[in-house]
Amino acid sequence: KPNDHIDVKFGPLNKGKRTDADMQRFREYGLGQFIHWGVYAIAGGEWNGVKAPTASEWIRVWSGNTAPPNWQQTYDNLYKQFNPKNFDAKRWASQAKQMGARYMIITTKHHDGFCLWPSKYTGYTIAQTPYKKDIVKQLIDAYTAEGIDVYLYFSIIDWNNKDYRTSAPKTEEEKESYNRFLTFTRNQLFELMDNYPKMKGFWFDGTWDKAWINAYEWTYQLEKDLRNAHPGLIIGSRFRNDEHGKRHFDSNGDLLGDYEQGWERKLPAQYEWLNGNDWDCVMTIPPNGWGYIKDWSRFYTKTSYDLIDMLMHSVSMGGNFVLNFGPDGNGKMHTGEDKLAKELGDWMKLNGEAVYGATHAALAPSPYGYYTQKVNALYLTVFNRPVNNQIRLKIPRSATQVPEAASLLANKTSLKMKFVDIGIDLDKNVYFDITLPASFMSKDPFVIKIDTKTGK
Ligand code: JFZ
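Each residue of the sequence shown is one higher than the one before, starting from 9 at the first, in mature numbering (1 follows the signal peptide of the UniProt record, and there is no 0).
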């Protein structure tokens, strides 16, 4: 209804889905890797054996009676010890490749303000550590060489910059100071794009403060300038808001940015919630905590089964699933992460066809698992195997693709499939039964590939 329309001047730069090659590539990734790495990795979620009740990368703001004395000052000096002697960008990239990741997001700067690249706009960077070498550069080179696209996580919140603030500036002095902060932020973003032309996009964070929200006119212009400087740049919805303070979506519900970035440690229950937008789900292995956590024994950590479930849930709803890793202060992944990367990779080698380039299928949700789809193929990843070994497909008569043959994706075994007239809603749907051999056993979720052809 046109009269419900709210006037928005600083809304999305483009409405509707992008159709260019870079965005198409993003859409087809399926699986990604997130890496949270910074000086918080040295602490590993604890200090002197006392475990922090906060997410490990937030340990600097740990307060309360369990926090050790002078923790904040100790934290601010950790960079003097940052010397990850086991860091090998090529090893991380080859692990990500074997896991099946098609893109990687690295924290160039988290809330603490510590930069993994030698920024010329602050002294709080990798260049000031005993390690010295540019980590962002090494990662971009190593991952790009493996065919994995690199995105840069960037926190607007910067606890190290004296001009950073949360509340809206009021006095002239405060305004001047915040303007300095905005210029600093802009300089760093252009510096990253200049230094690393192979980067594909920014994954923004820490954009919820009132000061940033009020700067909507300035952030609108910044987005324009960033995109002009780096054609194809991909930016999610967690970057800026409209002039009414609406984040992720503007006041009329239009997506801000190229994809919805609000699915953090959660998944949409229904495809309809997504309004057809592109999106990613970013997920931790522990319940929460993105940086390195030494001790995993104090909580449930997700299994590869959990992760495959979340991956297929995401892809079946047209999104990408991004698994987070928090390497330690020496540059090694947690052994639990190594194990999951291997298990997920082994599964992806057999079943990746149901993930890469696959998307949502317009079918009723299956009780057995998740559907994904490509041209001339439908995939059903089975988590709930029926006790009678009959997998029933329900295909609406309106569907443009019809099933022809079924097989197990992992080993190409063909499966019996027959049309069944079950006597209900024949005017609306057709049903097919696929028989799983009783002798077929699988401890992992498995994929049934259904070849389809166009026509009725
Ligand atoms: C942020 C960070 O604070 C956190 O440390 C981590 O980097 C994560 C990826 O991003 O945490 C958030 C941000 C947004 C929401 C939840 C946690 N959110 O919108 O629900």
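Note that beta-carbon positions come from the ideal geometry of N, C-alpha and C, so glycine has one too.
Just so it is clear, the structure is predicted and the values come from calculations on it, not from any experiment.
Would you say the beta carbon of residue i is closer than 6 Å to some non-hydrogen atom of ligand 1?
i    : result
D142 : no
D213 : yes
E268 : no
W287 : no
W45  : no
W298 : yes
E65  : yes
E280 : no
K272 : As written in the sequence, residue 272 is Glu, which differs from the Lys given in the question. Checking every heavy atom of ligand 1 against the Cβ of E272, one is found closer than 6 Å.
Leaving aside the five residues before and after residue i along the sequence, list all residues of the same chain whose C-beta is less than 7 Å from its C-beta, in chain order.
i    : result
Q136 : Y87
Q146 : A97
S305 : none
Y37  : R110, Y111 and N328
T183 : With the sequence shown as reference, residue 183 is identified as Lys, and Thr is not the correct amino acid for it. Closer than 7 Å at Cβ, skipping near neighbours: P177.
A413 : S422, M425 and D459
K17  : E251
H13  : N260
I301 : G52, G53, S64, P294 and G334
E272 : V290
G365 : E36 and K382
D28  : G240
G463 : V410
Just mark residue i as buried or exposed, buried being the case when its beta carbon has 16 or more other beta carbons within 10 Å.
i           : result
E268        : buried
Q196        : buried
Q278        : exposed
F448        : exposed
E280        : exposed
P61         : exposed
P20         : buried
T115        : buried
N73         : exposed
F189        : buried
Q81         : exposed
V428        : exposed
residue 471 : This structure gives no information on residue 471, because the portion of the chain shown stretches from 9 to 464.
G297        : buried
D15         : exposed
L434        : exposed
K140        : exposed
S450        : exposed
I156        : buried
Q89         : exposed
Whole-angstrom Cβ separation of residue i and residue j, contact assumed at under 8 Å?
i           : j    : result
P295        : Y313 : At roughly 16 Å, the Cβ-Cβ gap does not stay under 8 Å, so P295 and Y313 are not in contact.
residue 497 : I165 : With the chain covering 9 to 464 only, the question about residue 497 has no answer from this structure.
T152        : V144 : In fact, because the Cβ distance is near 12 Å, the residues do not count as touching under 8 Å.
R255        : T227 : Their Cβ separation, rounded to whole angstroms, is 11 Å, which puts R255 and T227 out of contact at 8 Å.
N91         : P138 : 4 Å
K59         : D336 : Going by Cβ atoms, the distance from K59 to D336 rounds to 16 Å, so no, they are not a contact pair.
D217        : T179 : Not quite, the Cβ-Cβ distance comes to about 17 Å (not below 8 Å), so this is no contact.
S163        : K117 : 6 Å
Q409        : L388 : Their Cβ separation, rounded to whole angstroms, is 14 Å, which puts Q409 and L388 out of contact at 8 Å.
P77         : N56  : Rounded, the Cβ-Cβ distance is 10 Å, inconsistent with contact.
Checking 7 Å against the spacing of the C-beta atoms, do residue i and residue j come in under that value?
i           : j    : result
G53         : S64  : yes
F454        : V390 : yes
Y379        : N392 : no
F210        : L160 : yes
V290        : V330 : yes
L417        : K457 : yes
K232        : I148 : no
H119        : G299 : no
L358        : N397 : no
I242        : F34  : yes
residue 491 : T292 : Nothing can be reported for residue 491, as the shown portion of the chain is limited to 9 through 464.
F212        : R235 : no
F42         : I113 : yes
Tell me which residues share the same chain as residue i and place their Cβ nearer than 8 Å to its Cβ, disregarding the 5 neighbours each side in the sequence.
i    : result
Y132 : Y87, G121, F122, C123 and N168
N285 : K25, L263, Y267 and E268
D346 : Q103
N437 : K402, I403, P404 and R405
Q229 : none
L282 : E268, P276, M325, G326 and G327
Among the residues of its own chain, which have a CB less than 6 Å from the CB of residue i, if the five just before and after it don't count?
i    : result
G108 : L39, G353, M356 and G360
I67  : Y48, A51 and A60
D171 : S185, R188 and F189
Y83  : R68
D202 : none
Is there at least one Cβ from chain C nearer than 7 Å to residue i's Cβ?
i    : result
R110 : Going by chain labels, chain C is absent from the structure shown, which holds only one protein chain.
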